[in-house]
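First the structure, in the form of structure tokens, and then the observations on it.
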Amino acid sequence: MTISIGDTVQVKYNSGKYIGEVVEDRGDRVLVKTLAVQKHPKQGDLHNLGQVDGVFFHERKALAHYEKMNVVRSAVRSFNEKIPDYSESLLTAIDELKETLANKDTEYNQQALANLKNLEENDYTKSYYK
19 MTISIGDTVQ
29 VKYNSGKYIG
39 EVVEDRGDRV
49 LVKTLAVQKH
59 PKQGDLHNLG
69 QVDGVFFHER
79 KALAHYEKMN
89 VVRSAVRSFN
99 EKIPDYSESL
109 LTAIDELKET
119 LANKDTEYNQ
129 QALANLKNLE
139 ENDYTKSYYK
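The sequence shown begins at 19 in our numbering and counts up by one.
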């Protein structure tokens, strides 16, 4: 697949999924500017998914609007649909992850939900929400 500067793409990055614009070609990587969130990053220790005991339970926030990411070319796909509004896409991604976590009452899911609540209250400020 040919990727050019200015292309709209879908990328997987740090357990999240985003829609962005290619701003720089770096050979085996591309620099992508975040335009929307498709899937919110997972919470917890990615090397020990589902565990809370004896691991550092990471709180991961989604990339900010226009934040740039240096992405391996193999994680980049063309995106030809309408680009959603960043704030709306972030809210949708959070709601989808919360719904998935709420479907099963486990210690991991409870901690992940607490992380998301903290992110909503402290990091995803009104500048992201309408």
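We put the beta carbon where it would ideally sit given N, CA and C, even for glycine.
Subject >> residue 37 - partner residues in DSSP beta bridges >> reply: 28 and 54
**OP:** Out of 107, 35 and 129, point me to the one whose CA is closest to residue 142's CA.
**Re:** 107
Original post:
In the structure shown, what three-state DSSP assignment does residue 96 receive?
Top reply: strand
Subject >> Start-end ranges of the beta strand (DSSP E) lying completely within the region 81-139, minimum 3 residues >> reply: 86-90 and 94-96
Original post:
With residue 23 and residue 41 assumed to form a contact (beta carbons below 8 Å), what rounded beta-carbon distance in angstroms separates them?
Top reply: 7 Å
**OP:** Determine, using beta carbons only, whether residue 50 and residue 97 come nearer to each other than 7 Å.
**Re:** no
**OP:** May I have the straight-line CA-CA distance separating residue 138 from residue 56, to the nearest angstrom?
**Re:** 17 Å
**OP:** Using a threshold of 7 Å, state whether the C-beta atoms of residue 89 and residue 31 are closer than that.
**Re:** yes
**OP:** Please look up how many angstroms separate the CB atoms of residue 83 and residue 110, rounded, as I've assumed it's under 8 Å.
**Re:** That belief does not hold up - the Cβ atoms of residue 83 and residue 110 are roughly 14 Å apart, past 8 Å.
Original post:
Is DSSP giving residue 141 helix, strand or coil here?
Top reply: helix
Subject >> Where residue 47 sits in the DSSP three-state scheme >> reply: strand
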